[in-house]
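Colleague: Okay, here's the structure, questions in a sec.
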Amino acid sequence: MKLAILGTRGIPNNYGGFEQCAEILAVGLQKKGHEVTVYNPSFHSYNKRVFDAVTIKKIYSPNKLIGSSASNFVFDYLSFKDAVKSDYDIILQLGLITSSPSIIFVRHRGKIIVTNIDGIEWRRKKWNFIIRFLTRNMEKLGVRFSDYIIADNLGIKDYLKKTYNISAKYIAYGADILVNPDSKILNDYNLKAGKFILCVGRIEPENNYEMIFNSYVKAKLNIPLIIIGNHLTKFGDYLKDKFKNENIYFFGAIYEKKILDNLRYYSKLYIHGHSVGGTNPSLIEAMSASALVLVHRNKFNLSVLTNNELSFSNSDELKELLLDSKIMSEKKKHVSKNLKIIKEKFSWEKIINDYETFFLSILN
């Protein structure tokens, strides 16, 4: 099978969840005997033509000229235009919104297009009405013109069925269980094991950072709240100004998995506030790192972590969880349950096999 993977910021991963998925999936399928090509934007720092036996194809992206959001449309269009001219058996698009125009306007008769739609982008709080309207219509068109749709969360699968009456293929995001934690990593960040609370993810309104910060301040805890993610944004500046001097520390973006896994492992609590669609990678990875996870209560998160007693929907509920000593006394029970879920449903070996089985069923 010849497979092209489009729509990410490239591999090796130095950005986020889809890039991690692209890297692990590409390498995994390549090792199983398939020919895999990943399309990288021209600004990606990796300049070799092969990564771990996977072919890398660099495509122009005007990132510096017009910004990341607009350049994604250009990059996706040029990538798709190139891919349909090649002899790939399947073209896998990771992400739907910026790839939709390509699927609509570039002739691709005879090519099999599979799209993993990610989350429900038009619900993001950071968008204004016009962008939400455009994004929702991009979603409609992308779903309509893709040959097959993959949903990485059962909540997304249900949404697609109810909204568009399509039966998406459910294939989850993956994670590997941390087996050799290294406390020395804490020294680089001046942290002590079990003496900090952690949040990892994009610092955006729909990830409920303001709610989390309000809860933390109300709880009057004497351990720091550590935030990992790019805070050099308008919303990041707003949060830093509103919650200055509150023992909240912004560490910036960290992409090295070993560091992230160990920070998760040695945290006292891990708070996951994401509320918009899909199986968020940071939730799966926190569970696989044996973190004690508190999640925002929505169908996407609870389809992964089914423990309602460790979920919250508002600031007061989260404050009560932060102050509940019973949670810490039962940490082993909660962590064991989460690790069992990871082993059974979210191991990367299973995810790679699920993709391979699905792709081969399409071709057959």
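If you read the sequence shown in the working numbering, its first letter stands for residue 240, the second for the next number, and so on.
Ideal placement from N, C-alpha and C gives every residue a C-beta, glycine not left out.
With 16 other CB atoms within 10 Å as the buried threshold, where does Met377 fall?
Modeller: By the 10 Å Cβ count, Met377 comes out buried.
Colleague: Determine the contact status of His470 and Phe489, defining contact as a CB-CB distance below 7 Å.
Modeller: In contact: His470 and Phe489 (Cβ atoms closer than 7 Å).
Colleague: In the DSSP assignment, the beta strand (DSSP E) including Gly274 goes from what residue to what residue?
Modeller: Residue identity differs from the one stated: residue 274 is Glu in this sequence, not Gly. Taken as a continuous stretch (DSSP letters only), the beta strand (DSSP E) holding Glu274 covers 274-280.
Colleague: How is the alpha helix (DSSP H) around Phe314 delimited, first residue to last?
Modeller: 307-324 is the extent of the alpha helix (DSSP H) around Phe314.
Colleague: On the DSSP letters alone, give me the boundaries of the alpha helix (DSSP H) that Ala525 sits inside.
Modeller: First-last of the alpha helix (DSSP H) with Ala525: 520-527.
Colleague: Rounded to whole angstroms, what's the CA-CA distance from Leu562 to Leu417? Just pull it up for me.
Modeller: Between Leu562 and Leu417, the C-alpha separation is close to 27 Å.
Colleague: Can you name, in chain order, every residue of its own chain whose Cβ lies under 6 Å from the Cβ of Asn519, other than the five neighbours on each side?
Modeller: Around Asn519: His513.
Colleague: Among Leu317, Asn367, Leu557, which residue has its Cα nearest to the Cα of Ser339?
Modeller: The shortest Cα separation from Ser339 among Leu317, Asn367, Leu557 belongs to Leu317.
Colleague: Hey, how far is the Cα of Asp357 from the Cα of Tyr477?
Modeller: Rounded to whole angstroms, Asp357 to Tyr477 spans 27 Å at the Cα level.
Colleague: Using the C-alpha atoms, what's the distance from Arg441 back to Met526?
Modeller: Using only the alpha carbons, I get a separation of about 18 Å.
Colleague: Can you give, in chain order, each stretch of the alpha helix (DSSP H) that sits fully within the region 408-470 and has at least 4 residues?
Modeller: 423-426, 448-458, all fully within the region 408-470.
Colleague: Hey, Ala390 and Ala407 are a contact pair by Cβ (cut 8 Å); roughly how many whole angstroms apart?
Modeller: Sure, about 4 Å apart at Cβ, within 8 Å.
Colleague: Take Ile329 as the anchor and find which of Val289, Lys379, Thr276 has the nearest alpha-carbon.
Modeller: With distances taken between Cα atoms, Ile329 lies closest to Thr276.
Colleague: On a Cα-Cα basis, can you pick out the residue from Cys438, Ile493, Glu258 that is closest to Gly334?
Modeller: With distances taken between Cα atoms, Gly334 lies closest to Glu258.
Colleague: Under the rule that 16 or more other beta-carbon atoms within 10 Å means buried, what is Met567, buried or exposed?
Modeller: Exposed is the call here.
Colleague: Could you pull the start and end residues of the beta strand (DSSP E) that Lys241 belongs to?
Modeller: From DSSP, the beta strand (DSSP E) with Lys241 extends over 241-245.
Colleague: Suppose you measure from the CA of Phe452 to the CA of Arg503; what does that come to, to the nearest Å?
Modeller: For Phe452 and Arg503, the distance between alpha carbons rounds to 18 Å.
Colleague: I need the boundaries of the beta strand (DSSP E) containing Asn404, first residue and last residue.
Modeller: Note, Asn404: premise wrong, no beta strand (DSSP E); not H, not E.
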